[in-house]
Amino acid sequence: MKLFWPIVIIFCCDMVINESSKLITMCYKLEQNLPFFSEERQELESLRNQAIVKCPNFTAAGLISIKRSTLLAILGTTTTYFIVIIQFTSLNI
């Protein structure tokens, strides 16, 4: 159960980052259909610029980025470490 919550947090952080990039893409697509000097287009530009400047980035103490790929990298490193340990212990037997 202790391992469950960090995984949930990592997936939530990754989903927030993905939704932020979807918002930026959606703003670009909606701007194309609006007249150049319309108020709606200016509001979409403002929203897009704020989303770009304040794009969420989750890190662990500023060292590593918290994403799904980070979770998979940790899992791969741990698996490799255990395989090496098993190989060394089998040599000593």
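As numbered in mature numbering (1 follows the signal peptide of the UniProt record, and there is no 0), residues -20 to -1, 1 to 73 make up the sequence shown, in order. For every residue, glycine included, the Cβ atom is placed at its ideal position computed from N, Cα and C.
Q22 and N(-3) have their C-alpha atoms spaced approximately 24 angstroms apart. Between the beta-carbon of F62 and that of C(-8) there is about 26 angstroms, and that puts the pair past the 8 angstroms contact cut. The C-beta of I65 has fewer than 16 other C-beta atoms within 10 Å across all chains shown, which makes the residue exposed. Shown here for A31: same chain residues with a beta carbon closer than 8 angstroms to its own, the five before and five after excluded, namely S(-1), L3, I4, C7 in chain order.
A straight line joining the alpha-carbon of F17 with that of E11 spans about 11 angstroms.
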